[in-house]
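Asks:
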Amino acid sequence: MKKVIAALGLALALAGTVQAADADPLNSSRWPDLQREYLNDAPVAFDPRIEVLAPKVAEDSMNVPVTVRLKGLPDVKRVLVIADFNPIVKVLDFQPLLAQPGLSFRIKLQQASPIRALVQTGDGNWLAGGVWVDAAGGGCTAPSTGRSAPDWAQKLNQVQGRVWRDGQNQRVRLRIMHPMDTGLAPGIPAFFIEQLAIVDDKGDAMLKLETFEPLSENPVFSFDLPDTGAVALRVVGRDNNGNRIDAKVQP
Amino acid sequence: MKGLRNSTLSSLLVAAFAAMAAPQVMAGVTDRDIENDAKTTGDVLSWGMGTEGQRYSPLDKINVGNVKNLVPVWSFSFGGEKQRGQESQPLVVNGKMFVTGSYSRLYALDAKTGAKLWQYEHRLPDGIMPCCDVVNRGAAVYDNLVIFSTLDAQLVALDQNTGKVVWKEKIDDYQAGYSNTAAPIIAKGLILTGVSGGEFGIVGRVEARDAKTGKMVWSRPTVEGHMGYKFDAAGNKTENGISGTTNATWQGDLWKTGGAATWLGGSYDAKTGLAYFGTGNPAPWNSHLRPGDNLYSCATVAIDVATGQIKWHFQGTPNDGWDYDGVNEFVTFDMNGKRMGGKADRNGFFYVLDANTGKFERGFPFVKKITWAKGLDAAGKPIFDPANRPGDPSKGADGKKGEVVFSAPSFLGGKNQMPMAYSPDTGLFYVPANEWGMEIWNEPITYKKGAAYLGAGFTIKTIDDKYIGALRAVDPKTGKIVWEVTNNAPLWGGVMTTKGGLVFWGTPEGFLKAADAKTGKEVWSFQTGTGVVAPPITWEQDGEQYIGVAAGWGGAVPLWGGDVAKKVNYLNQGGSMWVFKLHK
Chain E
113 MKKVIAALGL ALALAGTVQA ADADPLNSSR WPDLQREYLN DAPVAFDPRI EVLAPKVAED
173 SMNVPVTVRL KGLPDVKRVL VIADFNPIVK VLDFQPLLAQ PGLSFRIKLQ QASPIRALVQ
233 TGDGNWLAGG VWVDAAGGGC TAPSTGRSAP DWAQKLNQVQ GRVWRDGQNQ RVRLRIMHPM
293 DTGLAPGIPA FFIEQLAIVD DKGDAMLKLE TFEPLSENPV FSFDLPDTGA VALRVVGRDN
353 NGNRIDAKVQ P
Chain D
160 MKGLRNSTLS SLLVAAFAAM AAPQVMAGVT DRDIENDAKT TGDVLSWGMG TEGQRYSPLD
220 KINVGNVKNL VPVWSFSFGG EKQRGQESQP LVVNGKMFVT GSYSRLYALD AKTGAKLWQY
280 EHRLPDGIMP CCDVVNRGAA VYDNLVIFST LDAQLVALDQ NTGKVVWKEK IDDYQAGYSN
340 TAAPIIAKGL ILTGVSGGEF GIVGRVEARD AKTGKMVWSR PTVEGHMGYK FDAAGNKTEN
400 GISGTTNATW QGDLWKTGGA ATWLGGSYDA KTGLAYFGTG NPAPWNSHLR PGDNLYSCAT
460 VAIDVATGQI KWHFQGTPND GWDYDGVNEF VTFDMNGKRM GGKADRNGFF YVLDANTGKF
520 ERGFPFVKKI TWAKGLDAAG KPIFDPANRP GDPSKGADGK KGEVVFSAPS FLGGKNQMPM
580 AYSPDTGLFY VPANEWGMEI WNEPITYKKG AAYLGAGFTI KTIDDKYIGA LRAVDPKTGK
640 IVWEVTNNAP LWGGVMTTKG GLVFWGTPEG FLKAADAKTG KEVWSFQTGT GVVAPPITWE
700 QDGEQYIGVA AGWGGAVPLW GGDVAKKVNY LNQGGSMWVF KLHK
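Structure representation (structure tokens):
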């Protein structure tokens, strides 16, 4: 305990404004465990600049749209998205690199739960924002529809993409065909995309993320990147069976 | 894949995710470790307990005198509803056991306690076409990787510590009938694999990939007329010569869908530098459609690992008309100061060949009834009995069905996929043999992609009411059967022998058995609760000798059945790993 207090004191002294002992504004009984598991008990400041946008009630527990919006928060290195009460908590771990630190995606929700964005800035500090989403339940333990579609193997890892450019920025929206099975439905092993990156024409990553089972089947993502002109972007990645994703997205 | 090279993609992914890669903990498995596998007792690094395939262990802590004290240490369930044939030979590395299960699953276990470390379940498409059950025969290990092939014809390399996929390569298109069930073997940093799908008119081949990266190094077709290829470090493909001479032993263009699947994988002998792959039946089964020897079907092909060229071949059944699919393992051993190889062929003959040149030394039956050939000539070629080849359907009364003949062995063979063992102590091979025959007839057939390509009908018959299976001790110097232990159901598991003077094998009735290697006297048995169709292994850990075997009834026998069904249709399925040691 002494050690923790000392560490907190040091963090306070260095960061000044960071409030290490922030109570969880979402009042979730899981939060202390999650803070230990994912942040190694590092202090977290709940910050109004981090917004997680999601419907109050999930109409479809298999497809809950989520947007993480970061307003005026400089130097974001990492955005970790978790859902407290999902049987698999981690949703994605995003490194924006050249992209805007906000993103949109869809998840499966097993029951009512906070959805949180834990944001790490260049100085190593953690900030957080989140929202409660009510849900009827069952999103994670049902088989994917792709599971019973006879042609899923032919469509696997196909990418549909669209790009909107304004000269300065481009918004990239992707859909990747994948069952994203959680391994929690009886007799169906986990099968999900685990790595994804957008790379430029030289092969340098512009953004990258690790993805996990709770993302919806045929996951959809929106990212904001600097406009690269007429050069095609390339989406690369793979799932936990080693099946590759590799597609060009033409502007 | 938008025409982009895989190699480029792999490097992009590696670069993008380099920071996330887990650090390597333990020294990896080397070529040297693998070449010494048969001599080192603390591990089992390859299918065959040494790439030579002798399945002999120099361990003698468990021996004829004390084997009665052998008791189970742990049993592990493969879980799920996927209880089908378990034909896997486990590997043991640094105290970890790697064993594959039916439906392309792989388990990492603590070898001493049976505690599960991780499991990998490969997602299979609905349309896979394995001919003979959804089995897998085991993995290969190299560096920090454990590598196995899948029913949808892919090769997956996993990190031994985490079970995460490190690389994955597609061997071929499962929709064209390709699949893969054999354990890969490692030779000089290359991972060698064959292909399955001989019932679908595929083309057999052997491929070598860089075991660390999965990048292709060479490919060698096992059907005459097809081009072999080499690949440079950048993945550029160059021609490496046609296998054989086009149309020399195949007329017309049937060689284009010629079969000769290398579905049981191969063996490798560091002393000769050669990999030995058995090849399956030519396609279709109807031999009247393809006059000629039909190279390299029903043969053993010796490939120089360094060049990807065929150095020699020996064909057991030219112009096969009985599905005497000659994939059976070629086990190298020393005899009279020479490096030789032994093969118990599906066609019922045991062949002893010079491992360097393929020169025929001796051949003799290891089953009691052979009808298709009257014997072997001085060069080892069969002396056919024309009356016992299934008739030409075009000469039949209605042109739709040829004359029916009775043939022995049956198409499931005098020996099938279950590997034999060789003991340098006794100088004997221990062959899991089966005595059965079949009625077989030919029908017209044309090739259609992804469809069964047989042109034959058949039904299996028993020969002796009392038994089908017979574990036989065979002397390669004399051709004599020194002893045998018969078994009611057909034998379908492999054999292992030890310096402790023991031979271990499993039966479909569920017993793992041990016999005195000299006399064949049964000295121990244990009921595993389901049929054993996998080869046993042994290793040493913390001063104690362990015996392990996978259990789970299945394989080709229950699928083909026939007259044999009454000996096996009451057997229950399962899926588990059993480990034994001496109680104190």
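Here the protein sequences come in this chain order: E and D. The first sequence begins at 113 in the numbering used here and counts up by one. The second sequence begins at 160 in the numbering used here and counts up by one. Idealized CB from N, CA, C, for every residue including glycine.
1. Consult DSSP for D:E246 and reduce its assignment to one of helix, strand or coil.
2. Measure from the alpha carbon of D:G439 to the alpha carbon of each residue in D:T431, D:P217, D:L448, D:Y483, then state which is nearest.
3. Using three-state DSSP, classify D:K726 as helix, strand or coil.
4. Report the CB separation of D:G733 from D:Q278 in whole angstroms; it is logged as a contact under 8 Å.
5. What are the boundary residues of the beta strand (DSSP E) that D:P380 is part of?
6. When the Cα atoms are used, what is the spatial distance from D:V738 to D:W233?
7. Assuming D:K486 contacts D:G500 (C-beta within less than 8 Å), just tell me the rounded distance between them.
8. So, is D:V230 buried or exposed, given that buried needs 16 or more other C-beta atoms within 10 angstroms?
9. Following the continuous beta strand (DSSP E) through E:P255, name the residue where it begins and the one where it ends.
10. Less than 8 Å between CB atoms is the rule here; does D:V716 satisfy it with respect to chain E?
11. Taking Cβ-Cβ distances shorter than 7 Å, what residues in chain D pair up with E:A265?
12. Between D:W277 and chain E, is any beta-carbon pair separated by less than 8 Å?
13. Verify the CB distance criterion: does D:W595 have a CB-CB separation below 8 Å to chain E?
14. Less than 8 Å between CB atoms is the rule here; does E:F324 satisfy it with respect to chain D?
15. Which residues in chain D have a C-beta closer than 7 Å to the C-beta of E:F303? List them in chain order.
16. Between E:L87 and the rest of its own chain, which residues show a CB-CB distance below 6 Å, the 5 nearest in sequence each way excluded?
17. Is D:P182 close to chain E, meaning its C-beta is less than 8 Å from at least one C-beta of that chain?
18. Counting only Cβ pairs nearer than 8 Å, list the residues of chain E close to D:E240.
19. Is there a Cβ from chain D that is less than 8 Å from the Cβ of E:G354?
20. Between which two residues does the alpha helix (DSSP H) carrying D:R548 extend?
21. Helix, strand or coil: which one does DSSP assign to D:N399?
22. With H, G and I counted as helix, E and B as strand and the rest as coil, what does DSSP make of D:P717?
23. Just list the beta strand (DSSP E) runs in the segment 629-686 of chain D, keeping only unbroken ones of 3 residues or longer that don't cross its boundaries, in chain order.
24. With a threshold of 16 other CB atoms inside 10 Å of the CB of D:N593, please say whether the residue is buried or exposed.
25. How many Å lie between E:D172 and E:Q266 at the Cα?
26. Are the C-beta of D:K327 and some C-beta of chain E separated by less than 8 Å?
27. Could you tell me whether any Cβ in chain D is nearer than 8 Å to the Cβ of E:P262?
28. Give me the DSSP bridge partner(s) of D:E366.
29. Provide the residue(s) that pair with D:M386 in DSSP beta bridges, ordered along the chain.
30. Helix, strand or coil for D:E129 per DSSP?
31. Pick from D:T397, D:G652, D:C457: whose alpha carbon is nearest that of D:P832?
32. What is the DSSP secondary structure of D:N593, reduced to helix, strand or coil?
33. How far does the alpha helix (DSSP H) with D:P441 in it extend, from its first residue to its last?
34. Express the C-alpha separation of D:S735 and E:G222 in angstroms, rounding to a whole number.
35. Give me the subset of the segment 303-336 of chain D whose CB atoms are less than 7 Å from a CB atom of chain E, sorted by chain position.
36. Identify the continuous beta strand (DSSP E) that holds E:W143 and give its terminal residues.
Replies: Taking the geometry as given:
1. coil
2. D:Y483
3. helix
4. That pair is no contact at about 17 Å.
5. 375-380 is the span of the beta strand (DSSP E), which, as asked, contains D:P380.
6. 6 Å
7. Rather than Lys, the amino acid found at residue 486 of chain D in this sequence is Val. The Cβ separation is near 14 Å, so there is no contact.
8. exposed
9. Bounds of any beta strand (DSSP E) do not take in E:P255, whose DSSP letter is neither H nor E.
10. no
11. P284
12. no
13. For D:W595, the answer is no, since every Cβ of chain E falls outside 8 Å of its Cβ.
14. no
15. R282
16. For residue 87 of chain E there is no data in the structure shown, the boundaries of chain E being 113 and 363.
17. Reliability of the predicted coordinates at D:P182 is poor, the pLDDT of 48 falling under 50, and the value obtained from them is presented with this limitation in mind. Answer no: the Cβ-Cβ gap between D:P182 and chain E never drops below 8 Å.
18. G299
19. yes
20. For D:R548, there is no enclosing alpha helix (DSSP H), since its DSSP letter is neither H nor E.
21. strand
22. helix
23. Taking only runs of at least 3 residues, the beta strand (DSSP E) segments lying wholly in the segment 629-686 of chain D are 640-646, 654-657, 661-665, 670-675, 681-686.
24. Its Cβ being crowded by 16 or more others within 10 Å, D:N593 is buried.
25. 26 Å
26. Judged by the 8 Å Cβ criterion, D:K327 is in contact with chain E.
27. yes
28. D:T352, D:S378
29. D:I401
30. The structure shown does not extend to residue 129 of chain D, since chain D is modelled only from 160 through 743, so no value can be given for it.
31. What is shown of chain D runs 160 to 743, which leaves residue 832 of chain D out entirely.
32. strand
33. Here D:P441 belongs to no alpha helix (DSSP H), and DSSP marks it neither H nor E.
34. The sequence given here has Gln at residue 222 of chain E, not Gly. Spanning the two alpha carbons is a distance of roughly 33 Å.
35. If the cut-off is 7 Å between Cβ atoms, the segment 303-336 of chain D has V315, V324, W326, K327 near chain E.
36. From DSSP, E:W143 is part of no beta strand (DSSP E) but of the alpha helix (DSSP H) over 143-151.
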